[in-house]
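**Q** Structure incoming, see below.
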């Protein structure tokens, strides 16, 4: 009897404990459920799983268009170079039409459309077809190869539907998204997926790589189309896919709306697209470096150098600072920092958060253009010297940024070598950076001219250059 009583008591205590534990689990589940944002709730029943994306598509799809570009290219005659066939068929190059198909998004009711630069590059004729099949000739307002974005304008007799930007920039990995475009020219198509990753910077598609990655099917023809969230807002412009076959394997990339908006605003204001420049040379934080600096993990980017009187230096940043966030968004490499800074209009203030001596500090950095001209005018070297016939430019941060060079590189660079010129004879190449002439350091055109004047009528010319990162010294004899 005693054993039975004890067993019964144990069972009752176990049931009570189980009930309490279940209440705790239910409480935790309720709290977890409450912590989810209303817009990001997971479907809980069959009815919710049968919900449709149709209302979002009805709102968003009319603002997504097809973009057709056409250009004429010269094709070399197959008989060129053969005297016999040239006599009968000629050797004049033949012309043929080359077409390109992509997508675009109407972002202003006046008919302003954003698409990818590679969709319209080199086009001599542009046509846009709306979702309702109306066709319009399009004018190219702005094309930017470095972001792979282009802005078009069409003239319609009525206000056009638009896709509004996701102003909050609050996309998260796991959010449902729709990709709308014209894959393979089959007509407007909608595919669904999720945001697979944010801030992809190692893709190498453009100079300002900071992509949204999605597994929504994106195929050729989708370029320039819309990536839309569940609020029907534009969060990105689909621009590229990773594929070994040419078709979608679930890895697509979109340019974030923040960058799209800055490029469109420049086009609407009739301005040249001038990107802000931080004025700091940055170094990645490796695991070993993070340990030596006492960081809990590799993050941010170290300020390795500052341009004199540049935006970063005047704001108060110092060498050795670790930039960890821009405008409250965590950044982990130079590409991410450049992207965040480049989305600002000139004159804006960017909030830059840094770690210095173990403390977090915040600075307001003004958005300024890089010093110098993006299109430096080359000079042709004349006279009797080893550089005769070369075309040279004076480097500046603006020129370097525009041409993919180290913005901090200074000096005079050879950009072209005249055929059969003296420079060609001595083996100089485009891209050679002139470091010194006869011991005189060359930092600009004035230094170059002074060194040339000092060597006037000299027979021996000690020259030092940098080619592909390597320093070379030679004594040339005229």
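Residue numbers (my numbering): -9 to 468. We put the beta carbon where it would ideally sit given N, CA and C, even for glycine.
Can you tell me whether DSSP reads residue 416 as helix, strand or coil?
**A** Correct three-state label for residue 416: coil.
**Q** For residue 342, which of helix, strand or coil comes out of DSSP?
**A** Three-state result, residue 342: strand.
**Q** List the DSSP bridge partners of residue 91.
**A** Looking at the DSSP assignment, residue 91 forms a beta bridge with 58.
**Q** Compute the Euclidean distance between the alpha carbons of residue 454 and residue 430, then round it to the nearest angstrom.
**A** Those two C-alpha atoms are separated by around 10 Å.
**Q** Taking only the alpha-carbon atoms, compute the straight-line gap between residue 223 and residue 49 and give it to the nearest angstrom.
**A** Distance between the alpha carbons of residue 223 and residue 49: 10 Å.
**Q** From 213, 371, 402, 314, pick the residue whose C-alpha is nearest to that of residue 286; which is it?
**A** The shortest C-alpha separation from residue 286 is found at 314.
**Q** So that I know if they touch, is there some Cβ in chain C lying closer than 7 Å to that of residue 305?
**A** Among the chains of the structure shown, chain C does not appear; only one protein chain is present.
**Q** Nearest to residue 208 by CA position, among 178, 118, 173, is which residue?
**A** Answer by Cα proximity: 173.
**Q** Within 10 angstroms of its Cβ, does residue 249 collect 16 or more other Cβ (buried), or is it exposed?
**A** Buried is the call here.
**Q** Can you grab the Cα-Cα spacing for the pair residue 482 / residue 440, in whole Å?
**A** With the chain represented from -9 up to 468, any question about residue 482 goes unanswered, as that position is not in the structure.
**Q** Quick one: any contact between the region 244 to 259 and the region 95 to 111, if contact means 3 or more CB pairs under 8 Å?
**A** As far as the Cβ criterion goes, the region 244 to 259 touches the region 95 to 111, which means the pair count is three or higher.
**Q** Going by alpha carbons, who is nearest to residue 443 out of 371, 352, 124, 143?
**A** For the residues 371, 352, 124, 143, the minimum Cα distance to residue 443 belongs to 371.
**Q** Give me the Cα-Cα distance between residue 384 and residue 352, rounded to the nearest whole angstrom.
**A** Cα to Cα, the separation comes out at about 35 Å.
**Q** To which residues of the same chain is residue 102 closer than 8 Å at the C-beta, ignoring the five residues directly before and after it?
**A** Same-chain partners within the cutoff: 96, 131, 141, 142, 143, 254, 257, 258.
**Q** Tell me whether the region 265 to 281 and the region 213 to 220 touch, counting them as touching only if at least three CB pairs, one residue from each stretch, are closer than 8 Å.
**A** No: fewer than three Cβ pairs fall under 8 Å.
**Q** Would DSSP call residue 428 helix, strand or coil?
**A** Of the three classes helix, strand and coil, the one that applies to residue 428 here is coil, per DSSP.
**Q** Buried or exposed: residue 239, going by 16 or more other Cβ atoms within 10 Å of its Cβ?
**A** Counting Cβ neighbours within 10 Å, residue 239 comes out exposed, since fewer than 16 surround it.
**Q** Am I right that residue 185 and residue 167 are in contact with their C-beta atoms under 8 Å? What's the rounded C-beta distance?
**A** Residue 185 to residue 167, Cβ: 6 Å. Contact.
**Q** Return the residue from the list 124, 265, 378, 417 that minimises the CA-CA distance to residue 148.
**A** The candidate whose alpha carbon is nearest that of residue 148 is 124.
**Q** Excluding the five sequence neighbours on either side, which residues of its own chain have a C-beta within less than 8 Å of the C-beta of residue 369, listed in chain order?
**A** So the qualifying residues of the chain are 381, 382, 383, 435.
**Q** Can you have a look at residue 45 and say buried or exposed, based on whether 16 or more other CB atoms are within 10 angstroms of its CB?
**A** Counting Cβ neighbours within 10 Å, residue 45 comes out exposed, since fewer than 16 surround it.
**Q** Could you give the DSSP three-state label for residue 325: helix, strand or coil?
**A** Residue 325 falls in the helix class under three-state DSSP.
**Q** Check the DSSP bridge columns for residue 171 and list the partner residues they point to.
**A** Residue 171 is bridged to 179.
**Q** On the three-state DSSP scale, how would you describe residue 436?
**A** Three-state result, residue 436: helix.
**Q** Exposed or buried, residue 403, counting other C-beta atoms within 10 Å across all chains shown (16 or more means buried)?
**A** Per the 10 Å Cβ criterion, buried.
**Q** Measuring CB to CB, does residue 94 end up less than 7 Å from residue 55?
**A** Yes, the Cβ-Cβ distance between residue 94 and residue 55 is below 7 Å.
**Q** So what does DSSP say about residue 462, is it helix, strand or coil?
**A** Three-state DSSP puts residue 462 in a strand.
**Q** Residue range of the beta strand (DSSP E) that residue 126 falls in?
**A** That run of the beta strand (DSSP E) goes 125 to 127.
**Q** For residue 359 versus residue 264, is the C-beta distance shorter than 7 Å?
**A** Closer than 7 Å, so yes.
**Q** From the DSSP output, in three-state form, read off residue 46 for me.
**A** It is helical.
**Q** State yes or no: is the C-beta of residue 296 within less than 7 Å of the C-beta of residue 302?
**A** The answer is yes: Cβ separation under 7 Å.
**Q** Using the C-alpha atoms, what's the distance from residue 220 back to residue 151?
**A** Approximately 18 Å, taken between the alpha carbons.
**Q** Since residue 452 is in the beta strand (DSSP E), which residue starts that stretch and which ends it?
**A** That run of the beta strand (DSSP E) goes 450 to 457.
**Q** Would you check if the distance between the CB atom of residue 335 and the CB atom of residue 364 is smaller than 7 Å?
**A** It is not a contact, given that the beta carbons lie outside the stated cut-off.
**Q** Which partner residues of residue 243 appear in the DSSP bridge assignment?
**A** Residue 243 is bridged to 203, 230.
**Q** In its own chain, which residues sit with a C-beta less than 8 Å from the C-beta of residue 419, not counting the 5 before and 5 after it?
**A** The answer, listed in chain order, is 404, 407, 457.
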